[in-house]
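Numbering (UniProt numbering), first residue to last: 1 to 334.
Idealized CB from N, CA, C, for every residue including glycine.
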């Protein structure tokens, strides 16, 4: 009898434990008690409704407790709507608390918009209190005398909360400061002017209002380092001279090739004239034979012509012999 009476009791206790476990897992009673202890009045039905809307109650209640303790007037609807929109409720509340402590005017709607825009609203508030230093990379530019100058700047910026939504980021600040450095160096007559007065770069950059349209406010621009680079002007002149030299050499080579072609053409014409002369000389014996045959020329006339030809050849041979240099003896060489 005793054992048969314990079985239903044990079953009922197990069912009660399961029911209570499901109840406490679905209904955040401990979170409700913690909120009441912190002075935040929120109904248990509201917490259950958050579960039904797929909202984690702790993500709403804990930031709400933090806001109420800091004196911020927020309600669950604002925090829950921001959570459902994909925002970070805890970070927004931390930013609102930090802005209130720093006496920075920042409302929940603007903070939520900044957070939904993808920016860290807490970091923006901290940067408004404690400005950030952005270091630019080394920017190289050439002065009017052709000397390269390399400069690096440090830009102190403060977050402008009113322009965080839609404002440009740090990359724009760095690009604009680099542009100002290049403009200042490029407008200098000599690189020594930049080395003597590096504050000219800071003044030129600040006067341009480079923070317009950005999420920051430029407080100061300090030139961290200025170095002298290459003599680009001389290098450009050297390269131009080398290019002119190559052009002149190409033109000279072209003229030489034309001269060689003209020379070869003249040699070919000379050989052609020689061939014509040989062809004409070949006609002489035929003409002599025809003259002898027709009686226009006698035998004595032919012999006289041969004697004249032989005499001419002999004189040419003597003349060529006289033009040759005399052989030198070994004694004369010494």
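Euclidean distance between Cα positions of residue 363 and residue 129: Because the chain is modelled from 1 through 334, residue 363 falls outside the range shown and cannot be assessed.
Give a single yes or no on whether residue 222 has its beta carbon closer than 7 Å to a heavy atom of the ligand PLP. The ligand content of the structure shown is nil, which means the ligand PLP is not present either.
Reference residue 113, options 134, 176 and 81, closest by Cα: Taking the first residue of the chain shown as position 1, residue 113 is located at position 113. For the options 134, 176 and 81, the alpha carbon positioned closest to that of residue 113 is the one of 81.
In terms of alpha-carbon separation, which member of 52, 182, 71 and 218 lies closest to residue 147? The sequence position of residue 147 within the chain shown is 147, counting from 1. Taking residue 147 as reference, the option from 52, 182, 71 and 218 with the minimal CA-CA separation is 182.
Three or more C-beta pairs closer than 8 Å, one from the stretch 138–154 and one from the stretch 114–124: is that the case here? When C-beta atoms of the stretch 138–154 are compared with those of the stretch 114–124, fewer than three pairs fall below 8 Å, so the two segments do not count as touching.
Out of 48, 90 and 55, point me to the one whose CA is closest to residue 67's CA. Translated into the one-based positions of the chain shown, residue 67 becomes position 67. If we check each option's Cα against that of residue 67, 90 comes out closest.
Relative to the alpha-carbon of residue 132, which residue among 119, 118 and 154 has its alpha-carbon at the smallest distance? Mapped onto the chain shown, residue 132 falls at position 132. Closest by alpha carbon: 154.
Quick one: measure Cβ to Cβ for residue 125 and residue 106, integer angstroms, because I've assumed they're closer than 8 Å. Your numbering for residue 125 matches position 125 in the chain shown. Your numbering for residue 106 matches position 106 in the chain shown. For residue 125 against residue 106, the beta-carbon gap comes to about 7 Å, under 8 Å, which counts as contact.
DSSP-derived helix/strand/coil call for residue 319: Taking the chain shown and counting its residues from 1, one reaches residue 319 at position 319. In this structure, residue 319 counts as helix in the three-state DSSP scheme.
Simplified DSSP state of residue 229, which is helix, strand or coil: To locate residue 229, count along the chain shown from 1; it is residue 229. Strand at residue 229.
Would you kindly check if the distance between the Cβ of residue 83 and the Cβ of residue 104 is under 8 Å? By 1-based counting over the chain shown, the position of residue 104 is 104. By 1-based counting over the chain shown, the position of residue 83 is 83. Cβ distance not < 8 Å, so residue 104 and residue 83 don't count as in contact.
Please state the DSSP three-state secondary structure of residue 2. To locate residue 2, count along the chain shown from 1; it is residue 2. The predicted position of residue 2 is uncertain, since its pLDDT is 44 and thus under 50; a value taken from the coordinates is nonetheless stated next. Judged by DSSP in its simplified three-state form, residue 2 adopts helix.
Which runs of the alpha helix (DSSP H) fall wholly inside the stretch 189–244 and span at least 4 residues, in chain order? Segments of the alpha helix (DSSP H) lying fully in the stretch 189–244: 191–196 and 199–207.
I'd like to know if the stretch 197–216 and the stretch 156–175 are in contact, where contact means that at least 3 CB-CB pairs between them fall below 8 Å. At 8 Å Cβ cutoff, the stretches touch.
Once the 5 residues before and after residue 173 are set aside, which same chain residues still bring their CB inside 8 Å of it? As a first step, residue 173 is located in the chain shown; it is residue number 173 there, counting from the start. Same-chain partners within the cutoff: 134, 155, 157, 210, 211, 214, 216 and 218.
Continuous beta strand (DSSP E) stretch holding residue 345: start and end: For the chain, the structure presents residues 1 to 334; residue 345 sits outside this window and is missing.
CB-CB under 7 Å to residue 39, same chain, minus the five flanking residues each way: which ones, in chain order? Counting from 1 along the chain shown, the entry for residue 39 is found at position 39. Take residue 39, set aside five residues on each side of it, and the residues of its chain with a beta-carbon closer than 7 Å to its own are 68, in chain order.
Confirm, please, whether the CB-CB distance from residue 64 to residue 108 is below 8 Å. As a working mapping, residue 108 is identified with position 108 in the chain shown. As a working mapping, residue 64 is identified with position 64 in the chain shown. Annotated as distal: residue 108 and residue 64, with beta-carbon spacing of 8 Å or more.
For residue 140, which residues does DSSP report across the bridge? Taking the chain shown and counting its residues from 1, the one referred to as residue 140 is at position 140. Residue pairing by DSSP places residue 140 opposite 150 in a beta bridge.
Compare the Cα-Cα distances from residue 339 to each of 77, 199, 301 and 224 and report the closest residue. Summary: the structure shown does not reach residue 339, with the chain confined to residues 1 through 334, and so no result is reported for it.
According to DSSP, is residue 40 helix, strand or coil? Working through the chain shown from its first residue, we reach residue 40 at position 40. Here residue 40 sits in coil by DSSP.
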